[in-house]
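Chains as they are written, first to last, in the numbering used here: chain H, 1 to 214; chain R, 1 to 214.
Think of the CB as a built atom: it goes at the ideal place given N, C-alpha and C, for glycine as much as any other residue.
This one's a predicted model, so the numbers in the text were calculated from it and none came from an experiment.
Structure first, commentary second.
2 protein chains.
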Amino acid sequence: MAYRETEKMRNRKVEARKRIFQCALECVMEGGFRSAQITHVARAAGVATGTIYRYFDSKEELFAEIFRSATQREVDKVAEALATEGSAVSRLETALRQFAERALRGPTMAWSLIAEPVDPKVEAERLLYRQAYARHFEQAIREGIEEGSIPPQEARQSSTCLVGAIAESLVGPLSPAQAEAEKKADQTNSPDKQQPLVDSIVCFCIQGLTGTGR
Amino acid sequence: MAYRETEKMRNRKVEARKRIFQCALECVMEGGFRSAQITHVARAAGVATGTIYRYFDSKEELFAEIFRSATQREVDKVAEALATEGSAVSRLETALRQFAERALRGPTMAWSLIAEPVDPKVEAERLLYRQAYARHFEQAIREGIEEGSIPPQEARQSSTCLVGAIAESLVGPLSPAQAEAEKKADQTNSPDKQQPLVDSIVCFCIQGLTGTGR
DNA sequence: ACAAAGAATGAACAATGATTCACTTATTTG
DNA sequence: CAAATAAGTGAATCATTGTTCATTCTTTGT
Chain H
1 MAYRETEKMR NRKVEARKRI FQCALECVME GGFRSAQITH VARAAGVATG TIYRYFDSKE
61 ELFAEIFRSA TQREVDKVAE ALATEGSAVS RLETALRQFA ERALRGPTMA WSLIAEPVDP
121 KVEAERLLYR QAYARHFEQA IREGIEEGSI PPQEARQSST CLVGAIAESL VGPLSPAQAE
181 AEKKADQTNS PDKQQPLVDS IVCFCIQGLT GTGR
Chain R
1 MAYRETEKMR NRKVEARKRI FQCALECVME GGFRSAQITH VARAAGVATG TIYRYFDSKE
61 ELFAEIFRSA TQREVDKVAE ALATEGSAVS RLETALRQFA ERALRGPTMA WSLIAEPVDP
121 KVEAERLLYR QAYARHFEQA IREGIEEGSI PPQEARQSST CLVGAIAESL VGPLSPAQAE
181 AEKKADQTNS PDKQQPLVDS IVCFCIQGLT GTGR
């Protein structure tokens, strides 16, 4: 007997995996999935490209995991906002507003998660997560219908419309082209210009649900 | 003097371009942009790959043109539906309904146009065309506001929400995965199952606009 | 028929980037 | 220390596709 994985080694490996993951995430945050190449990630993490394949099966797998982790955070935030006190309508309103505001605050990453062209495996995750958002909204809509604050409707379909409306509304403002234009004009995304955008998205959504609120 | 482009030749070239274009379109209709490779198109059109580059600058250019042509048809249909007689609301309703029904009738192509991952140049066209849809809707919304059938609102933002809601609602039903499942179950997309889907999308949208209609 | 000009050809090429693997280095244990 | 085992390395390889271009085939006008 000569070598057996020891605790110290196990920890070191866990650390290495974490570091690779973290660096890959940073690559995406900086330049989107497009520019996140294995070579870059390897360099950033200070390992050889081959090493990455000891920890992840493939590039797609790695970035699917990145996507999942980043998006799950947002889904959780939505779920959280929907789990507070208050009427279903006001909770939905808060959740939508928060989602949009968070996206506009971190536009590069948000764009990557919402609209950037990505590998098929990552795209598959995206579809799944859009459904995840929709399911949370759906639940809240059902509650609203039950408590009478939302008229009876196909909760499933309405929730999908919600997801589509908010995503589409953000695509333009988040797009790299837009970001470029804003960098030239003023300092950064000024919140004062974003407020009305968010307001009108939320208005449309709530009214689509309830028939009131404008 | 020995050769000068003659009428006959000019026509033949126009024909050739059309044939290549048509075959490329058919490739997309069958398998989406993904499977539409230059080699395939060339084979389908009965020409060499090099010939294609006499008629189109690049693959992206060719498929961007395909995309434009196919999407313009849909935009025109929407514009047409919005240009009829009647209140803005009822025209919008018709336009939305027609759009969804057309997409569900040709799901493969619709999916390619709406949601398939595509080359950057084609993606750019897609963004442009989404704006084109939105602008038409926006115009109708303004008219509705003027005539009093739609309450005052940010027409621009609302139109974007419309586009997003309807697109997102269709992504699921149009996706190849879904198509696969339906092929197993029954014959094709049965219109009787689509009706409620379309209805609820349209309901949500109209209510989002007007606050009534459920 | 022949020369000039253009069109068509398709195999070779180029570019991109993920993945592999023969080899090196590090760790553990007797 | 030496044997055993695993982790790490990174240049080479592979795979995929779009694009080019030297060559061949067609058309046209004299």
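Item, Value
"Simplified DSSP state of Y3 of chain R, which is helix, strand or coil", "coil"
"Closest by C-alpha distance to R126 of chain H, when choosing among R:E138, R:F33 and R:V171", "R:V171"
"Beta carbon proximity, T71 of chain H to chain R, threshold 8 Å", "no"
"With 16 other Cβ atoms within 10 Å as the buried cut-off, status of Q157 of chain R", "buried"
"For T160 of chain H and S175 of chain R, believed in contact at Cβ under 8 Å, the rounded distance", "Rounded, the Cβ-Cβ distance is 13 Å, inconsistent with contact."
"Environment of V41 of chain H [buried if 16+ CB atoms lie within 10 Å]", "buried"
"Backbone CA spacing between S200 of chain H and E26 of chain R [nearest angstrom]", "41 Å"
"Cβ-Cβ separation, I141 of chain R to L209 of chain R (assumed contact under 8 Å), whole Å", "7 Å"
"Secondary structure of S149 of chain H, DSSP reduced to three states", "coil"
"Test: P117 of chain R CB closer than 8 Å to a CB of chain H", "yes"
"Of the residues R:E30, R:A45 and R:Y3, the one placed nearest K18 of chain R, counting alpha carbons only", "R:A45"
"V202 of chain H versus E93 of chain H: straight-line alpha-carbon distance, rounded", "6 Å"
"Cβ distance (whole Å) where E123 of chain R is taken to contact P120 of chain H below 8 Å", "Actually they do not touch by this definition, with Cβ atoms about 15 Å apart."
"Heavy atom of the ligand NAD within 7 Å of L174 of chain H beta-carbon", "Of ligands this structure carries none, so the ligand NAD is not represented either."
"Alpha-carbon spacing of L96 of chain R relative to V163 of chain R, whole angstroms", "9 Å"
"Best match in R:G213, R:T212, R:Q195 and R:Q207 for proximity to Q98 of chain R [C-alpha to C-alpha]", "R:Q195"
"Delimiting residues of the alpha helix (DSSP H) encompassing R54 of chain H", "T49 to Y55"
"Contacts of P107 of chain H in chain R (Cβ-Cβ under 8 Å)", "Going along chain R, no residue has its Cβ under 8 Å from P107 of chain H, so there is no contact; the nearest lies around 16 Å."
"Every unbroken alpha helix (DSSP H) inside the region 54-114 of chain R [4 residues or more]", "59-82, 88-105 and 107-114"
"Cβ-based burial, Y3 of chain H [other Cβ within 10 Å; buried from 16]", "exposed"
"N-terminal and C-terminal residue of the alpha helix (DSSP H) that T160 of chain H is part of", "A155 to L174"
"Outcome for G144 of chain H when other beta-carbon atoms lying within 10 angstroms are tallied against a minimum of 16", "buried"
"Members of the region 197-214 of chain H near chain R, C-beta cut-off 9 Å", "L197, D199, S200, I201, C203, F204, C205, I206, Q207, G208, L209, T210, G211, T212, G213 and R214"
"Contact with chain R by Q247 of chain H, beta-carbon distance below 8 Å", "Summary: the structure shown does not reach residue 247 of chain H, with chain H confined to residues 1 through 214, and so no result is reported for it."
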